[in-house]
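**Q** Read in this note's numbering, the sequence shown has 90 at position 89, and its numbers run on one by one without any break.
Don't be surprised by glycine CBs; every beta carbon is placed ideally from N, CA and C.
In this text the structure is predicted, and so the values were computed from the model without any measurement.
Below are the structure tokens for one structure; questions will follow.
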Amino acid sequence: MAEKTLTRADLSEAVYQQVGLSRNESAALVETVLDEVSDALVRGEPVKISSFGSFAVRKKGRRVGRNPKTGEEVPILPRRVLVFRASHVLRNRINAVYKQLVNA
Numbered sequence: 002m003a004e005k006t007l008t009r010a011d012l013s014e015a016v017y018q019q020v021g022l023s024r025n026e027s028a029a030l031v032e033t034v035l036d037e038v039s040d041a042l043v044r045g046e047p048v049k050i051s052s053f054g055s056f057a058v059r060k061k062g063r064r065v066g067r068n069p070k071t072g073e074e075v076p077i078l079p080r081r082v083l084v085f086r087a088s089h090v091l092r093n094r095i096n097a098v099y100k101q102l103v104n105a
């Protein structure tokens, strides 16, 4: 399996190659899209991208955790966490590629 991480620079380069915008315009477009997604999530709005998946912010309540070393109970404060749920289209693509790699 490939270990390369997709970066903002990779995304803007792909936009540059496939859409034909200048490199600066491509980078600005990628930044704008990512800003819109993150701003919506900060406001608590779900983000759904067709054939890719959905992002949502979930609230976790206060709970009691345990220090694994000492066994002491420690309160865990309420917080918000980001969750991603892949679409069926994306899951099927990932599993199809995985099956090809396993069967090769």
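Based on the DSSP secondary-structure assignment, which residues constitute the bridge partners of A87?
**A** Numbered from its first residue, the sequence shown carries residue 87 at position 86. G54.
**Q** Rounded to whole angstroms, what is the Cα-Cα separation between A15 and G62?
**A** Along the sequence shown, read from residue 1 onward, the residue named residue 15 stands at position 14. Along the sequence shown, read from residue 1 onward, the residue named residue 62 stands at position 61. The straight-line gap from Cα to Cα measures roughly 40 angstroms.
**Q** Judging by CA-CA distance, which residue of K49, L78 and A28 is the nearest neighbour of V65?
**A** As a working mapping, residue 65 is identified with position 64 in the sequence shown. If we check each option's Cα against that of V65, L78 comes out closest.
**Q** Is the segment 77 to 93 close to the segment 47 to 56, with three or more CB pairs under 8 angstroms?
**A** Flag = yes, the segment 77 to 93 and the segment 47 to 56 touch.
**Q** Quick check on the burial criterion: 16 or more other C-beta atoms within 10 angstroms. Buried or exposed for F27?
**A** As a working mapping, residue 27 is identified with position 26 in the sequence shown. Residue identity check: residue 27 is Ser in the sequence provided, not Phe. S27 is buried by the Cβ-count criterion.
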